[in-house]
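Taken in order, these protein sequences are the chains called A and B.
FYI, in my numbering the residues of the first sequence are 98 to 264.
FYI, in my numbering the residues of the second sequence are 302 to 957.
Right, one structure below, let's go through it.
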Amino acid sequence: MKKLNILILLFIIISLFAVMPVSAQGGDDGVSDDEVNAIARDLFCPVCENTPLDVCETQACKQWRELIRLKLSEGQTEAEIKQYFVDNYGARVLDEPPKEGFNLLVYFVPPAIILVGIIVLFRAFKEWQGDDQEEYEDSSEGSIEPKRASADDDYMAQFEEELKKKK
Amino acid sequence: MLPSLGYGILVITFLVTLYSVAIAIYGQAEKDGAMIESARRAMLITLPLITIASAILIYLLINDRYEVEYVWSVTNRTMPIYLKITAWWGGQPGSLLFWSWLLSAFTSAVTLRKWDRDRELLPWVLVVTGTTLAFFIALNVFYENPFKLIPAGVPIPLDGRGLNPLLRHPGMIIHPPAQYLGFVSVTIPYAFAIAALITGRTDDRWTRITRKWTLWAWLFLTLGLVLGMRWAYDVLGWGGYWGWDPVEIAALLPWLTLTAFLHSVMIQEKRNMLKQWNMILIILSFALVIFGTFLTRSGVLSSVHAFAESEIGPLFFLFIGFTFIVSFSLLIKRWPDLKSKIEMKSMLSREALFLLNNLLFLSILVISFWGVIFPLLSELFTGSKVTVGPPFYERATGPVWGALILLMGIAPLAAWGRSTVKTIGRAIWKPALAALLFPIFALTTGITNWIALIGFTLIGLVITVTVREFWIGANARSKNKRLNENLFTALLHLIKRNRRKYGGYIVHISMVLIGIGILGIELFQTDTQQHLGIGEEINLAGYTLRYDRLDQFRHEDGRLITRGEMALSKDGKYIETLAPRFDLYPDGQPMTIPAVRSTLVDDVYVILVNWEGITRESTPFKVYHNPLVKWVWIGSYLFVIGILIGVWKDEESKEV
């Protein structure tokens, strides 16, 4: 906790220097809060865990938003501004890991595991269908109707039984 | 005196639990009934012991005994009594004690009720729950002592730090107990599963005994999730209820495996297949429960370094590893006994579709689990941390959720054993046609987003198919002269006769109602933030909000309240006044409380953006327009009703 406090403090001081030229109030430069938030919501503050920048309540994040405002008023694009933050604070400010290097694993491992799951399941299905395969195919063509063709029959069977009891 | 007594009782409880576990194992090995009876009684004593320890803690909390560190850290003098009581689970040591108390209560309930009927399984159930209990109490005894005194020589503080204001909300008061109840109750079916593995009773005895337990666990896990969402929506002030935060995902993970289990266990009951798979699912559920507690309690989320520094983090890690290795060793040992001849004639049979359902739920599990641990792996292997945020989860799980909804629309029409395209097609075409009314209606309201249109079609299908199931059953009953029921009583009797099935269908409908809300807020949420002076207006999504006044005053508990008033109107017609608030607590903790106007169609959600600095001349407001979000809560209520129908005692069993 103490470490975190020092980190936050350090961060505030650095940020203060970074935005020194701008005053804290915005709006006079023709950049709206919405334009700032449109970029801020895709960025994550590196000191407060898992909080998007547009709703983060710390002073540090406020300074960051002012920095975005400044850069927007200077005519920088969204991509340039995001790149600035990545360059200065690392890839963790992005809401998704960049698609390169080690980070590629985050995108490829789940589909790979799921694919293995699908293959295993379908091979198992094939195996389980086993010997009765032919008989089943016959019935699906309609020559022999399966005994209980739909879920409704489950209910009807139960219903019949109940009626019998009632008698 | 009292704190020492409390701690002493915890130490005794720990020893008694260890004794109970050891003597139960020994008694089983020696086939000595007296020893097992002694183990059972020892376990029953843990409940009054932990209850007394908890009562002492609550007494200390209520009476502002700040010489106790925990009391000082979670309460202060201005807190009302009910909040002081809930501070029991407001911090780490207390919440671990709360967990132990719940587990002890559940274990006692099991050992009291079913002992005679299942003498074979129960001693082992006791061993499993006892080991888990011993682990949690050990955390309290050795690392996180709730009765720890402030260091000697330091004067007793005059006032406490107080509970985090974010936690002083009704949602946060019931959310943690519900979440913990869900987590803890998963232990019971897991314990029975392990007992079945140890004794070799590989028939479906354990699933039958634990059916209700599993449903209760599912109910509480769901409640925990929903209450947490509601709390986030009402208190956190970021316009949503779910941010794919690791803590949220930690609660979702066991819910996913348990939902899969609830479906696949039916295959075991109906067709006597897939016993091995059900074992895997329940073992996973338990491991994920401990993992969830570990994630939220160990500090691992903030960084792997914090984890290494935390004392209990590595212990959780060891405990998960231990239960995992023991569970899977047992499973492998019993693997051949659990084998049964599997026949799956058709890929469209009910059991095949249930397996597909399992595949989909586990896919979401894989994605979420990987997303949560990836930042840790990245930090560990590359030294730099990354963020895996909402876009990742939404993109990856969105289609899977869609497939699950499609499955909910088809599976009720598939029969056990065999179904074909033909039989399902014959049953589905009418509901499918009716389901098209949903996207058509959406089109008439101007929605052209194709994801939304597909989503509404699938949701429509689930609703029409499920309603048809109710209709067919009720109609058949009411048409029958001998039963003499009108359509309404027929429907009630239908549900009564098969609570599990129809309770399940109600849960299906509730899920898609929640789906409507999620589609609404995910695809159509809009927002704007503006600095306003008095009299100025914000326009969003056809609504107008006029800023009328700003007040600032001090509440009796010391917090400074800043309250804005906005008149909400649409098409020039006044609707109501919304008053978003910003509370600043004496300890400097801020709290942003939104004002929400909620209807079935949309929510208008306003906050005072206190972090931008509030002045009378220029007050920053943020307004969110959240379409359809109320359906999330409506669906949640219905969900609870559905499960309650499922767990309610059957009339037949009462008669017996």
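Where a beta carbon is used, it is the ideal one built from N, C-alpha and C, also for glycine.
Going along the chain, which residues of its own chain have a beta-carbon closer than 7 Å to the beta-carbon of residue i, five neighbours each way excluded?
i	result
residue 901 (chain B)	931
residue 315 (chain B)	435, 438, 439 and 442
residue 327 (chain B)	336
residue 588 (chain B)	621, 624 and 625
Cβ atoms of residue j and residue i: under 8 Å apart, would you say?
i	j	result
residue 804 (chain B)	residue 946 (chain B)	yes
residue 385 (chain B)	residue 363 (chain B)	yes
residue 582 (chain B)	residue 551 (chain B)	no
residue 866 (chain B)	residue 884 (chain B)	no
residue 514 (chain B)	residue 474 (chain B)	no
residue 462 (chain B)	residue 888 (chain B)	yes
residue 470 (chain B)	residue 536 (chain B)	yes
residue 547 (chain B)	residue 596 (chain B)	yes
residue 427 (chain B)	residue 341 (chain B)	yes
residue 996 (chain B)	residue 451 (chain B)	Any property of residue 996 (chain B) remains undetermined from this structure, which presents chain B solely from 302 to 957.
residue 895 (chain B)	residue 915 (chain B)	no
residue 306 (chain B)	residue 357 (chain B)	yes
residue 494 (chain B)	residue 580 (chain B)	yes
residue 483 (chain B)	residue 533 (chain B)	no
residue 422 (chain B)	residue 496 (chain B)	yes
residue 809 (chain B)	residue 659 (chain B)	no
residue 689 (chain B)	residue 672 (chain B)	yes
residue 641 (chain B)	residue 576 (chain B)	yes
residue 800 (chain B)	residue 949 (chain B)	yes
residue 708 (chain B)	residue 732 (chain B)	no
residue 861 (chain B)	residue 920 (chain B)	no
What residues in its chain sit with their C-beta under 6 Å from that of residue i, if we drop five residues either side in the sequence?
i	result
residue 205 (chain A)	none
residue 936 (chain B)	811, 814 and 815
residue 876 (chain B)	869 and 870
residue 890 (chain B)	466
residue 390 (chain B)	396, 399 and 477
residue 776 (chain B)	none
residue 853 (chain B)	863
residue 429 (chain B)	492 and 495
What do you get for residue i, buried or exposed, if any count of 16 or more other CB atoms within 10 angstroms of its CB means buried?
i	result
residue 114 (chain A)	Because the pLDDT of residue 114 (chain A) is 44, which lies under 50, any placement of that residue in the model is unreliable, and the number read from its coordinates should be weighed accordingly. Per the 10 Å Cβ criterion, exposed.
residue 664 (chain B)	buried
residue 192 (chain A)	buried
residue 687 (chain B)	buried
residue 456 (chain B)	exposed
residue 623 (chain B)	exposed
residue 669 (chain B)	buried
residue 453 (chain B)	exposed
residue 830 (chain B)	buried
residue 351 (chain B)	buried
residue 322 (chain B)	buried
residue 180 (chain A)	exposed
residue 144 (chain A)	buried
residue 782 (chain B)	exposed
residue 539 (chain B)	buried
residue 209 (chain A)	exposed
residue 856 (chain B)	exposed
residue 645 (chain B)	buried
residue 349 (chain B)	exposed
residue 449 (chain B)	exposed
Counting only the same chain and skipping the five closest in sequence on each side, list residues whose C-beta sits under 8 Å from that of residue i.
i	result
residue 843 (chain B)	871 and 872
Runs of alpha helix (DSSP H) wholly within the segment 181–233 of chain A (minimum 4 residues, chain order):
Listed in chain order, they are 201–226.
Tell me which residues of the segment 132–145 of chain A have at least one Cβ-Cβ distance to chain B shorter than 7 Å, keeping chain order.
134 and 141
Under 9 Å, CB to CB, which of the residues in the segment 791–822 of chain B have a partner in chain A?
795, 798, 799 and 802
Positions along the segment 682–713 of chain B whose CB lies within less than 8 Å of some CB in chain A:
682, 683, 685, 686, 687, 688, 689, 690, 691, 692, 693, 697 and 713
Contacting positions in the segment 633–666 of chain B - beta carbon closer than 8 Å to chain A:
643, 644, 645, 646, 647, 648, 651, 653, 656, 657, 660, 663 and 664
Residues of the segment 416–442 of chain B with Cβ closer than 9 Å to any Cβ of chain A, in chain order:
Of all residues in the segment 416–442 of chain B, none has a Cβ within less than 9 Å of some Cβ in chain A.
Continuous alpha helix (DSSP H) assignments of at least 4 residues falling wholly in the segment 690–735 of chain B:
Fully enclosed alpha helix (DSSP H) runs of 4 or longer: 691–711.
Contacting positions in the segment 149–169 of chain A - beta carbon closer than 9 Å to chain B:
From the segment 149–169 of chain A, only 149, 151, 152, 153, 154, 155, 156, 158, 159 and 162 have a Cβ closer than 9 Å to chain B.
Please give me, in chain order, every unbroken run of the alpha helix (DSSP H) with length at least 4 that falls completely inside the segment 611–661 of chain B.
613–639
Which of the residues in the segment 179–210 of chain A, read from start to end, lie with their CB under 9 Å from any CB of chain B?
187, 188, 189, 190, 191, 192, 193, 194, 195, 198, 199, 200, 202, 203, 204, 206, 207, 208 and 210
Mind pulling the beta strand (DSSP E) runs of 3 or more residues that sit fully within the segment 859–931 of chain B?
861–871, 874–879, 882–885, 891–894, 896–899, 903–909 and 920–928
For the segment 536–563 of chain B, list every residue whose C-beta sits within 9 Å of some C-beta in chain A, in sequence order.
537, 538, 539, 540, 544, 545, 546, 547 and 548
Proximal residues, the segment 912–928 of chain B versus chain A, C-beta separation under 9 Å
Listed in sequence order: 912, 913, 914, 919, 921 and 923.
Please list the segments of the alpha helix (DSSP H) lying wholly inside the segment 489–546 of chain B, counting only runs of 4 or more residues, in order along the chain.
Taking only runs of at least 4 residues, the alpha helix (DSSP H) segments lying wholly in the segment 489–546 of chain B are 506–532.
Where the segment 887–903 of chain B meets chain A: residues whose CB sits under 8 Å from a CB there
891 and 893
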